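Novice: My questions will all concern the structure given below.
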Amino acid sequence: MTEVVSVDLQHPDPEIIARAAEILRQGGLVAFPTETVYGLGADGLNPVALARLFEAKGRPATDPVILHIVDLEALPQLAREIPPAAWTLARRFWPGPLTLVLPKQPIVPDLATAGLPTVALRMPAHPVALALIRAAGVPIAAPSANRFGHTSPTTAQHVLEDLAGRIDLILDAGPTAIGVESTVVDLTRPVPTILRPGGLPREALEAILGPVAVFDRSVAGPAPAPGMLPKHYAPRAEMVVLIGSGGWLRLRLRELAIRYLQEGYRVGMLIAEEDQPAVADLPVEIAVLGSEGDLEGVARRLYPAMRDLDARGPDLILARDFGTRGLGLAIRDRLIRAAGGRVMKAEDSP
Ligand code: TXA
Ligand code: MG
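Note that my numbering has the sequence shown beginning at 21, numbered continuously upward.
This is the structure:
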C-alpha cells in the first residue's frame, strides 16, 4: 500500500517528516517534492534500499542516481578531489537545481553510481526535501519518481499513477515550481560539461565558470554517461519536434499538422500561445505551454501538458521547440528525448 500524506510546503509538520525519515532509515521508499520534479527517495548509503529503488522504478542498474544532501559538509564526505569550481558553484547555486558530478568517496555504494568512479550530488531548494534529508541523517538517493522511461512527475498524483503499490509513502506539497530536472554538470573533465541541461540555465553557470561544454542532444553522437538513453520522458504517442523560430516555425507547424491529418493520424500539438491562431481551425488536440517569451512557464507546464495531451489519445504529438536560451535548452532536451530523437527543422523543405 502506498500512502499519500499532504505536507505544508513552507512548514512541513515535523511528525510527518520524522515518520518519512524513519521509513527511509529502515530501507523504505518515500517520494517527496523538490523544486524541480518529485523524487523517489531511498537511503543513498544502503545497497538494499538502493536495490529496492531500482526495482520500484524498473530502472536498469546501469543508470546512476543523484545523492541529495542538506549541507556543504556532506560534499567532502561523498566526493573527493573537489576542485575550487565545485565549491564556488555549490556556494552560489545550492540549494538549487544544480547537480555536480565529482570523483566519489569509497563510502558511496557502487549501486548508486552504477559502478562509475564518480558521484552526482545535489542540494534541493525545497523545504520538505531539506527537512526530510536532515531528519533521515543520510544522503538520499532520488531519481525522478516515475517508472523508468516515463514522463517525470511534477505532482503527487503523477507519482501515484506510476508507482502506486510499489513504494511506501508519498509526501504531497503541491505542484513543483520549476518543472524540469536539475542541470547535471560534470566537473571531472578538463572543461566543465553539462551532461543534462536543466533548471539552472547554462548562462548562469557560464557567468561563473566561463565557457562550458554542452552535450548536444540535437546532434547525433554517443551518450557521455550511462543512463543517458535517447528515449526518455516519453509519452505513449509518437512524437516529433519541430525546431525553428518565428513565422517559419508556425507555417511549418500548420503544414505538418495538415499532412499528418491527411495521413489519418489523430494529431496532438504541444505549442506556444502565439502558435494558436495558425492551427485554431484544424481538428487537432492542442496543449498550450504558454507564451514563447515565458520559458519558466513553459518548463513548468511541459511534463503535465505532455501527460494531459497523451491521455487525450493522439497517435502523434507534434511539438515545437523554444530555442536554446535560458530554460529553452532544457525544454529542447526533454522534447527531443520524449520524441526519441525525431527532430525536423522548420527551414527544411518538406
Ligand atoms: O532534478 C533532479 O535532478 C531530480 C530531482 C528528484 O532531484 N532527479 C533526477 O534524477 O532527475 P534522475 O535519476 O531522473 O536523473 C539523474 C541524472 C541521469 O541523467 C544520470 O545519468 C545522471 O543524473 N547521473 C547520475 N550520476 C551520474 C554520474 N556519476 N555521472 C554522470 N551522470 C550521472
Ligand atoms: Mg528521471
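C-beta atoms are modelled at their ideal positions from N, C-alpha and C, and glycine is treated no differently.
Predicted model only: the values in this text are computed from it and were never measured.
Under 7 Å: does the beta carbon of T54 sit that close to some heavy atom of the ligand TXA?
Specialist: Residue mapping note: residue 54 aligns to position 34 of the sequence shown, counting from 1. Taken from the Cβ of T54, at least one heavy atom of the ligand TXA lies inside 7 Å.
Novice: Could you check what DSSP says for Y58 in three-state terms: helix, strand or coil?
Specialist: Within the sequence shown, residue 58 is the residue found at index 38, counting from 1. In this structure, Y58 counts as strand in the three-state DSSP scheme.
Novice: Less than 7 Å between C-beta atoms, sequence neighbours within five positions excluded: which residues of the same chain meet that for P103?
Specialist: On the sequence shown, residue 103 is found 83 positions in, with the first residue counted as 1. Contacts found: L207.
Novice: Are the Cβ atoms of L220 and F52 separated by less than 8 Å?
Specialist: Reading the sequence shown from its first residue, position 200 is the one you call residue 220. Reading the sequence shown from its first residue, position 32 is the one you call residue 52. Their beta carbons are not under 8 Å apart, which means L220 does not touch F52 by this criterion.
Novice: Under 6 Å Cβ to Cβ from L249, same chain only, skipping five residues before and after it: list those, please.
Specialist: The residue given as residue 249 occupies position 229 in the sequence shown. Here the model assigns L249 a pLDDT of 46, short of 50, so the residue's position is not dependable, and the following value carries that caveat. In its own chain, leaving out the 5 sequence neighbours on each side, no residue places its CB closer than 6 Å to the CB of L249.
Novice: The beta strand (DSSP E) with M326 in it runs from where to where?
Specialist: Position 306 of the sequence shown, counted from the first residue, corresponds to residue 326. Looking at the DSSP string, M326 is not in any beta strand (DSSP E); the run it does join, the alpha helix (DSSP H), is L315 to A331.
Novice: Checking 8 Å against the spacing of the C-beta atoms, do K365 and G264 come in under that value?
Specialist: Stepping through the sequence shown from its first residue, residue 365 is reached at position 345. Stepping through the sequence shown from its first residue, residue 264 is reached at position 244. In contact: K365 and G264 (Cβ atoms closer than 8 Å).
Novice: Using the Cα positions of A240 and R362, report the straight-line distance between them to the nearest angstrom.
Specialist: The residue labelled residue 240 in the question sits at position 220 within the sequence shown. The residue labelled residue 362 in the question sits at position 342 within the sequence shown. Low local confidence applies: a pLDDT of 40 at A240 is under 50, so the model's placement there is unreliable, with the coordinate-based value given in what follows. One C-alpha to the other measures close to 11 Å.
Novice: Determine the direct distance from the alpha carbon of P67 to that of P129, and round the result to whole angstroms.
Specialist: Here residue 129 is taken as the residue at index 109 of the sequence shown, counted from 1. Here residue 67 is taken as the residue at index 47 of the sequence shown, counted from 1. The straight-line gap from Cα to Cα measures roughly 6 Å.
Novice: Flag H146 as yes when its Cβ comes closer than 7 Å to any non-hydrogen atom of the ligand NAP, and as no otherwise.
Specialist: With respect to the ligand NAP, the structure offers nothing, as its ligand set consists of the ligand TXA and the ligand MG.
Novice: Spell out the partners DSSP gives F52 in its beta bridges.
Specialist: For the purposes of this step, residue 52 is taken as the residue at position 32 of the sequence shown. In the DSSP output, where bridge partners are listed per residue, F52 has G59.
Novice: Which residues bound the alpha helix (DSSP H) around A224?
Specialist: For the purposes of this step, residue 224 is identified with residue 204 of the sequence shown, where counting begins at 1. For A224, the enclosing alpha helix (DSSP H) stretches over residues R222 to L229.
Novice: I think V299 touches D192, with their Cβ atoms under 8 Å apart; what is that distance to the nearest whole Å?
Specialist: On the sequence shown, residue 299 is found 279 positions in, with the first residue counted as 1. On the sequence shown, residue 192 is found 172 positions in, with the first residue counted as 1. Contact flag wrong, Cβ pair sits at about 35 Å.
Novice: Closer than 6 Å by C-beta to G317: which residues in its own chain qualify, once you throw out the five before and the five after it? Chain order, please.
Specialist: What you label residue 317 is simply residue 297 of the sequence shown in a count that begins at 1. Hits under 6 Å: G310.
Novice: Quick one: grab the DSSP three-state call for E312.
Specialist: The residue given as residue 312 occupies position 292 in the sequence shown. Three-state DSSP puts E312 in coil, outside helix and strand.
Novice: With a CB to CB cut of under 7 Å and the five nearest residues on each side skipped, what residues in its chain are close to Q125?
Specialist: Position 105 of the sequence shown holds residue 125. Excluding positions up to five away in sequence, the list reads Q97, L98, A99 and R100.
Novice: Going by C-alpha distance, which of T175, L315, H88 and A132 is nearest L152?
Specialist: By 1-based counting over the sequence shown, the position of residue 152 is 132. Out of T175, L315, H88 and A132, H88 has the C-alpha closest to the C-alpha of L152.
Novice: Measuring only the C-alpha atoms, how far is A41 from V200?
Specialist: Residue numbering aside, residue 41 sits at position 21 when the sequence shown is read from its first letter. Residue numbering aside, residue 200 sits at position 180 when the sequence shown is read from its first letter. So the two alpha carbons sit approximately 25 Å from each other.
Novice: Using CA coordinates, which residue listed in D83, L183 and T175 is at the minimum distance from L136?
Specialist: What you label residue 136 is simply residue 116 of the sequence shown in a count that begins at 1. Ranking D83, L183 and T175 by Cα distance to L136 puts D83 first.
Novice: Hey, is P324 close to the ligand MG, as in C-beta under 7 Å from one of its heavy atoms?
Specialist: Counted from its first residue, the sequence shown places residue 324 at position 304. The nearest non-hydrogen atom of the ligand MG is 7 Å or more from the C-beta of P324.
Novice: Does the Cβ-Cβ distance between T196 and E55 come in under 8 Å?
Specialist: Locating residue 196 in the sequence shown gives position 176, where the first residue counts as 1. Locating residue 55 in the sequence shown gives position 35, where the first residue counts as 1. Going by C-beta atoms, T196 is nearer than 8 Å to E55.
Novice: Can you list the beta strand (DSSP E) stretches of 3 or more residues lying completely in the region 37-122, in chain order?
Specialist: 50-53, 58-63 and 86-88
Novice: Where I127 and A62 are concerned, what is the direct C-alpha to C-alpha distance, given to the nearest angstrom?
Specialist: For the purposes of this step, residue 127 is taken as residue 107 along the sequence shown, with counting starting at 1. For the purposes of this step, residue 62 is taken as residue 42 along the sequence shown, with counting starting at 1. Whole-angstrom Cα-Cα distance: 16 Å.
Novice: To the nearest angstrom, how far is the alpha carbon of A105 from that of P212?
Specialist: Sequence index remark: in the sequence shown, residue 105 carries index 85 (1-based). Sequence index remark: in the sequence shown, residue 212 carries index 192 (1-based). So the alpha carbons of these two residues sit roughly 9 Å apart.
Novice: So which residues touch the region around the ligand MG, with touch meaning a C-beta under 6 Å from any heavy atom?
Specialist: Environment of the ligand MG, chain-ordered: P163, S164 and S172, taking every residue with Cβ within less than 6 Å of a heavy atom.
Novice: Considering only DSSP beta bridges, list what V261 is partnered with.
Specialist: Taking the first residue of the sequence shown as position 1, residue 261 is located at position 241. For V261, which the question treats as bridged, DSSP gives the partners A339 and V363.
Novice: For the alpha helix (DSSP H) that contains G348, what are its first and last residues?
Specialist: As a first step, residue 348 is located in the sequence shown; it is residue number 328 there, counting from the start. Counting along the chain, the alpha helix (DSSP H) containing G348 begins and ends at G348 to A358.
Novice: The ligand TXA and H88: does the residue's C-beta get closer than 7 Å to at least one heavy atom of that ligand?
Specialist: If you number the sequence shown from 1, residue 88 lands on position 68. For the ligand TXA, at least one heavy atom lies less than 7 Å from the Cβ of H88.
Novice: Let me check one thing: in DSSP terms, what residues is V234 bridge-paired to?
Specialist: Locating residue 234 in the sequence shown gives position 214, counting from the first residue. Answer by DSSP bridge pairing, in chain order: I214.
Novice: Given a cut-off of 8 Å on the beta-carbon distance, is the pair L269 and R327 in contact?
Specialist: Here residue 269 is taken as the residue at index 249 of the sequence shown, counted from 1. Here residue 327 is taken as the residue at index 307 of the sequence shown, counted from 1. Not in contact: L269 and R327 (Cβ atoms no closer than 8 Å).
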